[in-house]
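Asker: Can you keep this structure in mind? I'll have questions shortly.
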Amino acid sequence: MYMYQTKIIIINLTGYSRKLRSIIGGVVGGIGFLLVILAFFFWRRQSKKSKHRREDNSSRATNLLQRTIVYTYNDLKTATNNFSNENIIGGGLNMLYKGVMKDQVTVAIKKIVVASKSGKTDLDSEIQIISNVHHRYLVRFLGCCRKGPHMYLVLEYMENGSLDKFLYGDKRGTLNWQQRFDIIYGTARGLAYLHDQYHVTIIHSDIKPSNILLDDEFQPKISDFGLLKLLPEDKSHLSTKLSFFFARINGYIAPEYAMNGQCSDKVDIYSFGVVILEIISGKCCNDMLQNEFLLLNLVDHARSLYENDDHLNLMDLTLDPSEYIKEDAKKIIEIALMCIHSTASARPSMSDVVILLSGFSSEVKRPIRSMMDDSDIKIQVELK
12 MYMYQTKIII
22 INLTGYSRKL
32 RSIIGGVVGG
42 IGFLLVILAF
52 FFWRRQSKKS
62 KHRREDNSSR
72 ATNLLQRTIV
82 YTYNDLKTAT
92 NNFSNENIIG
102 GGLNMLYKGV
112 MKDQVTVAIK
122 KIVVASKSGK
132 TDLDSEIQII
142 SNVHHRYLVR
152 FLGCCRKGPH
162 MYLVLEYMEN
172 GSLDKFLYGD
182 KRGTLNWQQR
192 FDIIYGTARG
202 LAYLHDQYHV
212 TIIHSDIKPS
222 NILLDDEFQP
232 KISDFGLLKL
242 LPEDKSHLST
252 KLSFFFARIN
262 GYIAPEYAMN
272 GQCSDKVDIY
282 SFGVVILEII
292 SGKCCNDMLQ
302 NEFLLLNLVD
312 HARSLYENDD
322 HLNLMDLTLD
332 PSEYIKEDAK
342 KIIEIALMCI
352 HSTASARPSM
362 SDVVILLSGF
372 SSEVKRPIRS
382 MMDDSDIKIQ
392 VELK
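In the working numbering, the protein residues as written are 12 to 395.
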């Protein structure tokens, strides 16, 4: 009898255990299912928030163009006397006009031909960027107007025009040493802002004296960065095909850009180095200069003088030698030679150049020649 009762008790316990496991399993399963549901709703809520944030960011980026002043075509016609030839102050691919707006503010108006739909999209994107570019040494973007295939950019007007006129144009020899140094230093600061201080890296890719404008106090402002190349942080170069003729006549083009179409911030630095040499010498980079028994362009002439420790012979003869300290002039020439190093990676950044020009660094590294001499550069011609 005792054994029977014990057996009954054991059977009952076993049944109870099974029921308990079933209950626990059901509860756990329910909790797990509930957690899955909660996780799903949490994920969905966060996704909506993230989507709204992305939409808000996209909207803010799009609104950059909307916040730009948009002029009517009639506004610009009136300002330029119906785009009169007398108002033309610059030519080339994109005509530049002087205009006086209704509020009597004098402006420069650049007319750009945008042929393709993709070109319009690219230009819109660039305008969204340059609308918020504000710097002491950059020409200010004031607004725009679109009319058919043309885009009109309204820009700050610079009273003294472009630097090239003062170096080897009709105003040659009128800049003193202090003005020349201010132009070098201001241009360096403007480029450093575009490369390192704005929220995207902006590559100008066409630095030359005609794109450096002077205000009424002969302070420089870089122009034409509205037709620039914009590089994301993770992209080091853009591929661009250059014709043999263009590469040969443009002495501002860096070797790697001419040969491979690699356009990085180092391309601007090379061009800036060439511009320094022009400001120092008062000569155009494409001029052929007598160097002993050879005719050399300005870059090779400057390198040759440096190697013979004779680089002060590069100085513009219209400058009064009493205006500058020889060691300072030599230092600036050496900075220029660093900028035009044949190897892109050996060139300093524009921020480093600004520091050197600011006098924070008293030692300028010797511009060592690379294994590849510039005279050995061969530009490949693509025949079509």
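Ideal placement from N, C-alpha and C gives every residue a C-beta, glycine not left out.
None of the values given here were measured: they were computed from a predicted structure.
Does the structure place the stretch 176-193 close enough to the stretch 132-145 that three or more beta carbon pairs sit under 8 Å?
Answerer: No contact exists between the stretch 132-145 and the stretch 176-193.
Asker: Between the alpha carbons of V150 and I214, how many angstroms are there, rounded?
Answerer: 15 Å
Asker: State the CB to CB distance for the pair I100 and K109, rounded to an integer number of angstroms; the pair is presumed to be in contact (CB under 8 Å).
Answerer: 5 Å
Asker: Please state whether DSSP places S173 in a helix, a strand or coil.
Answerer: Three-state DSSP puts S173 in a strand.
Asker: Which one of V125, M162 and E167 has the shortest CA to CA distance from A119?
Answerer: E167
Asker: Report back the beta-carbon spacing between D175 and P220 to the nearest angstrom; my notes put them in contact at under 8 Å.
Answerer: 4 Å
Asker: Comparing C-alpha positions only, which one of F236, D298 and G293 sits nearest to M326?
Answerer: G293
Asker: DSSP on Y108, reduced to helix/strand/coil?
Answerer: strand
Asker: When you compare the CB positions of I123 and N105, do they come within less than 7 Å of one another, or not?
Answerer: yes
Asker: Closest to T354 by C-alpha separation, out of D227, S275 and N92, would be which residue?
Answerer: Closest by alpha carbon: S275.
Asker: Counting pairs of Cβ atoms below 8 Å between the stretch 221-228 and the stretch 263-270, do you hit three or more?
Answerer: no
Asker: Identify which residue in Y84, D321 and I351 has its Cα closest to the Cα of K337.
Answerer: D321
Asker: How about C296 and V278: do their beta carbons lie closer than 7 Å?
Answerer: no
Asker: For L306, count neighbouring C-beta atoms within 10 Å of its own C-beta (all shown protein chains included) and say buried if the count is 16 or more, exposed if not.
Answerer: exposed
Asker: First and last residue of the alpha helix (DSSP H) that includes R200?
Answerer: Segment W188 to A203, the alpha helix (DSSP H) holding R200.
Asker: By how many angstroms is the C-alpha of C156 removed from the C-alpha of Y82?
Answerer: 5 Å
Asker: If we call anything under 7 Å between Cβ atoms a contact, is I290 one with I195?
Answerer: yes
Asker: By Cβ distance below 8 Å, which residues in the same chain neighbour L134 in space, the five residues on each side in sequence not counted?
Answerer: Answer for L134: I123, V125 and M162, listed in chain order.
Asker: Excluding five sequence neighbours on each side, which residues of the same chain lie with their C-beta closer than 8 Å to the C-beta of N92?
Answerer: N98
Asker: If we call anything under 7 Å between Cβ atoms a contact, is I218 one with F177?
Answerer: no
Asker: Please work out which residues of its chain come closer than 7 Å, Cβ to Cβ, to S465, disregarding the five sequence neighbours upstream and downstream, and give them in chain order.
Answerer: Here the chain covers residues 12 to 395 and nothing more, so residue 465 does not appear.
Asker: Kindly indicate which three-state DSSP category V124 falls into: helix, strand or coil?
Answerer: strand
Asker: Express the C-alpha separation of I264 and L164 in angstroms, rounding to a whole number.
Answerer: 26 Å
Asker: Since I287 contacts I366 with CB under 8 Å, what's their CB separation in whole angstroms?
Answerer: About 15 Å separates the two Cβ atoms, so there is no contact after all.
Asker: Alpha carbons only, please: which of G184, E137 and A90 is nearest the one belonging to T329?
Answerer: G184
Asker: Would you report the Cα separation of A313 and G159, rounded to the nearest angstrom?
Answerer: 48 Å
Asker: Exposed or buried, M349, counting other C-beta atoms within 10 Å across all chains shown (16 or more means buried)?
Answerer: buried
Asker: Using C-beta distances below 7 Å, list every residue in its chain close to L87, excluding the 5 sequence neighbours before and after it, in chain order.
Answerer: G110, I120, C156 and Y163
Asker: According to DSSP, which residues form a beta bridge with A119?
Answerer: K109 and L166
Asker: Count the other CB atoms, across all protein chains shown, that sit within 10 Å of the CB of D339; report buried if there are 16 or more and exposed otherwise.
Answerer: Counting Cβ neighbours within 10 Å, D339 comes out exposed, since fewer than 16 surround it.
Asker: Between T117, Q115, L107 and V211, which lies nearest to S136 when the distance is taken from Cα to Cα?
Answerer: V211
Asker: Note the first and the last residue of the continuous alpha helix (DSSP H) segment covering G284.
Answerer: First-last of the alpha helix (DSSP H) with G284: D276 to S292.
Asker: Of the choices L186, T117 and S315, whose alpha-carbon is the least far from that of M169?
Answerer: With distances taken between Cα atoms, M169 lies closest to T117.
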